[in-house]
Every structure is written in structure tokens, then in C-alpha cells.
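Heads up: the structure comes next, in C-alpha cells.
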Amino acid sequence: MVEVKFDFQTFFDEKNWRGLKRALNEYDSIQIAEILEELEENQEIVVFRLLSREQAKEVFQLLSQEKQEDIIDGIAHNVQNLSNLLNDIEPDDRTAFFEELPGKVSQRLIQLLSPKERQITLQLLGYPEDSIGRLMTPEYVAIKAHYTVERAFQHIRKYGRDSETLNVIYIIDDERKLIDDIKIKELILADPQEKVENLIDSKFVALNVMDDQETAIKAFTDYDRVALPVVNDDGVLLGIVTFDDIMDVAEEESTEDFHKFGSIQSAITNPLKETIFNLYKNRIIWLVALVFMNVFSGAAISHYESVIQTMVSLVFFLPLLIASAGNAGSQSATLMIRALAVGDVEVKDWYKLIWKELLVSLLLGLTMAATVALVASFRAPEIILVLIITMVLIVITGSLVGLILPFIFTKFKLDPATASAPLITSIADICGILIYFSVAKWILGF
35 MVEVKFDFQT FFDEKNWRGL KRALNEYDSI QIAEILEELE ENQEIVVFRL
85 LSREQAKEVF QLLSQEKQED IIDGIAHNVQ NLSNLLNDIE PDDRTAFFEE
135 LPGKVSQRLI QLLSPKERQI TLQLLGYPED SIGRLMTPEY VAIKAHYTVE
185 RAFQHIRKYG RDSETLNVIY IIDDERKLID DIKIKELILA DPQEKVENLI
235 DSKFVALNVM DDQETAIKAF TDYDRVALPV VNDDGVLLGI VTFDDIMDVA
285 EEESTEDFHK FGSIQSAITN PLKETIFNLY KNRIIWLVAL VFMNVFSGAA
335 ISHYESVIQT MVSLVFFLPL LIASAGNAGS QSATLMIRAL AVGDVEVKDW
385 YKLIWKELLV SLLLGLTMAA TVALVASFRA PEIILVLIIT MVLIVITGSL
435 VGLILPFIFT KFKLDPATAS APLITSIADI CGILIYFSVA KWILGF
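Count the sequence shown with the numbering used here and you get residues 35 to 480, in order.
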């Protein structure tokens, strides 16, 4: 990305709006969007109003949700400009924008749409949240199988201008049921008098409008497409989903899972813009819950107080051992959560993975035990055997906890990302303390 360097303040100080407009024409939509993200509220509205209608449409779709709302608020007094902007936005981008707004605000803005765009928007918003229906756009090009290639191109020239992509053309029957799709390259290279039906094989991949958006992510990953058609239960073509839309969803899902894995209640898009109360609220619930879990760790240590008093050197290695258990569990959980999310493994595969994880964690535990034994040989040689046995057992235990928890959550239809690092670490801590002092009590004869 080319670095954007622009001296706005001079234009604003001199109120040189013509010069500012000419200067903006030297930048593309992505660069202008970056500029707007950095401007103050009063300046961003001035810049946005100086954009052409086509520029405004492209730039608006590239802005963050917060900045989009600022722009809408800034031009709300000019009903015609606001109406033009909302009507120009691609249907799927407009739907994504509306669904993040309060209901009353969305309803007010929907009334500014043309009858056609209002119908499209209400239809898309009518699908369940996080469904593919909310993600799709009805702007595509479809042709009939009996068309010749020449007639197909006539149709594409007539109706393709508003299509989100022309890389793929869709073939439908008289009832608008999807028959197949064909790359534009194949049409270009075909004889003009060849019928489209002779170029297709009726093998295509389609998404169901009611499926979850994560299904679309997996389909794009598996089939490496730039766009996929969306159909209803009867096979009628309703719209398409493009790769750029899927990238946005994948980023949102990753952010959401990342926050869950860190025991944050809901995704925080920008900590700088969040209120102190929201930052507090999103973190406190899990932290309080984990406090009560960690009470068990304290209780376990209290139970072995006599062992600790007899062999004080045991305390030196306690943080190292329980940290190793938590780290091993977090590693294992990360691998399983990702594998479950992308469909590489299913719940029924848990027993296959346990044996594999058992062997892997045994090797990891033995390696780490050798390391801790080396350290103990200088610091506390009298407990080397305790440390070796404990390290092997707690790494195995932590790894199995990290493996099993995501499967349990998935089995009960909970998000496996909720089996977060702090939760796994707390469980591993408790198990680690119990294993450590039990082994010490047994080996040292207390």
C-alpha cells in the first residue's frame, strides 16, 4: 500500500475547497478511506461531501462501521445526498451496515431507499442473523441454457453493468432454478453460435440461503472460488456471495474467537473508542468466575502444607510446573479449536485424537522433564525424581484437558472458543498442584 501523505490543514485554513477536491482526485478509493479514518469529525464530512457520487459509494464501503455512522450523521440534514448514498451502496454492504445500527435508526434510513432497493434490503434483513442470506447480493448475471454464446454476451452487456462480479455467469431454467455456472473465460473462447448447454456439465457448488456464514467460509476454502451462488431449498437462485465478503466474515469470526479464547465476553473492535465501562464489562465476568476456580488451587496447596514445610525446595519449582501444564493445555486447545472450526476434525474423532495426543504429550513431557532435571541438579537435587515424574504427568494432563474441552463444548452446541486459555490454565493449575504434591508425598515418603 502506498503511504498517503496529504497536507489537509492548509486547505482547511484557506477554505480552498476547489483545491482540496482536485487533490482528492489524485488518490484512489482505498487511500481516501484511509485518510478519512484519520480525520477529525468536522473535517471528514467536508472531505466526504467533496467526493463524486461514484467515489462516495466506493469509499463509504471501505470505511469502518464507526466512521460510516459518523458520515451518515454528518450528512443527515441533506436528505437527497443521504438517499443517493444509501441507494448507491451494494446491497450486501448496505445490509451489513444496517444490521449494526439500532432498529429505529435502520428503519428511518430504509425509508430513504428507492422502492426497489428497499425491497431488496428488507428481504436480506429478513434472513436470520449470521446466515448466508444476510451476506449475499442479488446483483449477478444469469442466462438460459438454450442461449447461444452470442446471445449470452448480448444479455451480459445489457444486464452485467450492475453485477458484483462477471468472473462467473450462472445458468438457470425457466423457473430460475440453478442448473450450472460457467467461467466467463469459457464463454469468450467458445464459438459464438455454440449453445451454452453444450458447454456445461451441471456440476456446481451452491450455498443454501439459510445456512450459517461459517459454512460459506469452509466452501470458499475447499473450492477456491471468487464467488458462489446462493439458492433456497427448491434450488432457485437468489444471489451470490463473493470472496471479499467472505474475507470480512472470516476476519470477524477470527476476532470473535480470539476474544473468547482470551475470556472476553464480546469482541472489542477498537479499545481506544470503547468506554471504560464496556472494557470492564467484557472482561470481569470470566475473571470473577476464574477467581472462584482458583480457590481450589489454594485449597490444594493448604492440603499439602505439611509436605511443603518438610521440603521447602518443592515451592521453588511450583510456578514452573503449573505454568508448563497450562502452556501445554493452551497449545493443544488452540490446535483443536482451529481444526473444529474449519471442519478438519469432527466430534466423533475425539477418541482417535486422544491416543495421538497422549503419545505427543508423553514425548513433550519427557523432553521438558529432562530440562527441569538439569535445572534441579544445581538447585535441588534431592527432588529431581519428583520433578521428572511430575513434569511428564502434568504435561500429559494439561494437553488432554486442552484437547477434550473443545470437544465437550462442541458436543453441547457451545462455541469451542469458549474453552478459553484462562479456563484451561485454571484447570491445569489445579491438576498440576494435586499431581506435584501427591508425587512428592509418595516419592519422599511423607
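Cβ coordinates follow ideal geometry from the N, Cα and C atoms, glycine included.
Next on the checklist: Leu427 and Ala367 - do their beta-carbons sit closer together than 9 Å?
Outcome noted: no
Next on the checklist: Only counting the same chain, and skipping five residues up and downstream in sequence, which positions put a Cβ closer than 7 Å to that of Leu354?
Outcome noted: Val406
Checklist entry - So, is Arg142 buried or exposed, given that buried needs 16 or more other C-beta atoms within 10 angstroms? => result Arg142 is exposed by the Cβ-count criterion.
Checklist entry - By the 10 Å Cβ neighbour count, where 16 or more other Cβ atoms means buried, how is Leu233 classified, buried or exposed? => result A residue is called buried when at least 16 other Cβ atoms come within 10 angstroms of its Cβ; Leu233 meets this threshold and is buried.
Item to check | Supposed close pair Val429, Leu398 - CB separation, criterion 8 Å | outcome: 5 Å
Item to check | Which of helix, strand or coil DSSP assigns to Thr303 | outcome: Below a pLDDT of 50, predicted positions are generally treated as unreliable, and Thr303, at 48, falls in that range; no measurement from the model is reported.
Checklist entry - With 16 as the cutoff for other CB atoms within 10 Å, does Pro136 come out buried or exposed? => result exposed
Item to check | Distance, Leu392 Cα to Arg168 Cα | outcome: 43 Å
Checklist entry - Ala414 by DSSP, collapsed to three states: which one? => result coil
Item to check | Cα-Cα separation, Ala57 to Ile66 | outcome: 11 Å
Next on the checklist: Is the separation between the beta-carbon of Ile422 and that of Ser411 shorter than 9 Å?
Outcome noted: Against a cut-off of 9 Å, the Cβ pair of Ser411 and Ile422 comes out as no contact.
Item to check | Exposure label - Lys91; buried when at least 16 CB within 10 Å | outcome: Buried, by the Cβ-count rule.
Checklist entry - In three-state terms, what does DSSP make of Lys294? => result Interpretation of Lys294 is limited by its pLDDT of 47, a score under 50 that renders its predicted location unreliable; the figure taken from the coordinates is listed afterwards. Three-state DSSP puts Lys294 in a helix.
Item to check | Nearest to Leu116 (by Cα), restricted to the options Leu387, Phe277, Leu96, Leu147 | outcome: Leu147
Item to check | Whole-angstrom distance between Asn118 and Phe46, CA atom to CA atom | outcome: Their backbone Cα atoms lie some 26 Å apart in a straight line.
Checklist entry - Could you give the residue range of the alpha helix (DSSP H) that holds Pro125? => result 125-133
Item to check | Local conformation of Asp246 per DSSP, three classes | outcome: strand
Next on the checklist: What does DSSP give as the partner residue(s) for Leu271 in the beta ladder?
Outcome noted: Val265
Item to check | Contacting residues, own chain, Cβ-Cβ under 8 Å from Ser165 (five flanking each side not counted) | outcome: Val243, Met244, Asp245, Asp246, Gln247
Checklist entry - If you draw a straight line from the alpha carbon of Val175 to that of Ser86, how long is it in whole angstroms? => result Straight-line Cα distance between these residues: approximately 27 Å.
Checklist entry - Of all the options Tyr181, Thr182, Phe351, Val275, which has the alpha carbon lying nearest to the alpha carbon of Asn201? => result Asn201 has its Cα closest to that of Val275, out of Tyr181, Thr182, Phe351, Val275.
Checklist entry - DSSP on Ile442, reduced to helix/strand/coil? => result helix
Checklist entry - Taking the beta strand (DSSP E) that Tyr181 falls in, what are its first and last residues? => result Taken as a continuous stretch (DSSP letters only), Tyr181 belongs to no beta strand (DSSP E), as it is neither H nor E.
Checklist entry - Alpha carbon to alpha carbon, how far is Asp279 from Cys465? => result Distance from the CA of Asp279 to the CA of Cys465, rounded to the nearest whole angstrom, comes to 44 Å.
Checklist entry - Leaving out the 5 sequence neighbours to the left and right, which residues in its chain are closer than 6 Å to Val36 when beta-carbon positions are compared? => result Annotation note: pLDDT 46 at Val36 (below 50); position unreliable, coordinate value reported separately. A distance below 6 Å between beta-carbons, with the five flanking residues on each side excluded, links Val36 to no residue of its chain.
Checklist entry - Once you ignore the five residues that flank Thr303 on each side, which residues in its own chain have a CB closer than 6 Å to its CB? => result Caution is warranted here: a pLDDT of 48 is assigned to Thr303, below 50, making its placement in the model unreliable, and the coordinate value is therefore given only provisionally. Nothing listed; no residue qualifies.
Checklist entry - Do the segment 257-269 and the segment 94-114 make contact, defined as three or more Cβ pairs closer than 8 Å? => result no
Checklist entry - So with Cβ pairs under 9 Å, would you call Ser98 a contact of chain D? => result The displayed structure is made up of one protein chain only, and chain D is not part of it.
Item to check | Supposed close pair Ile203, Ile222 - CB separation, criterion 8 Å | outcome: In fact, because the Cβ distance is near 11 Å, the residues do not count as touching under 8 Å.
Checklist entry - Would you report the Cα separation of Gly363 and Glu124, rounded to the nearest angstrom? => result 44 Å
Checklist entry - If you check the beta carbons only, do Ile101 and Glu78 fall under 9 Å apart? => result Note on identity: in this sequence residue 101 is Lys, with Ile being the wrong assignment. Yes; because the gap between Cβ atoms is below 9 Å, this pair is in contact.
Item to check | Contacting residues, own chain, Cβ-Cβ under 6 Å from Pro226 (five flanking each side not counted) | outcome: Val183, Glu184
Checklist entry - Expressed to the nearest angstrom, what Euclidean distance is found between the alpha-carbon atoms of Gln188 and Phe94? => result 32 Å
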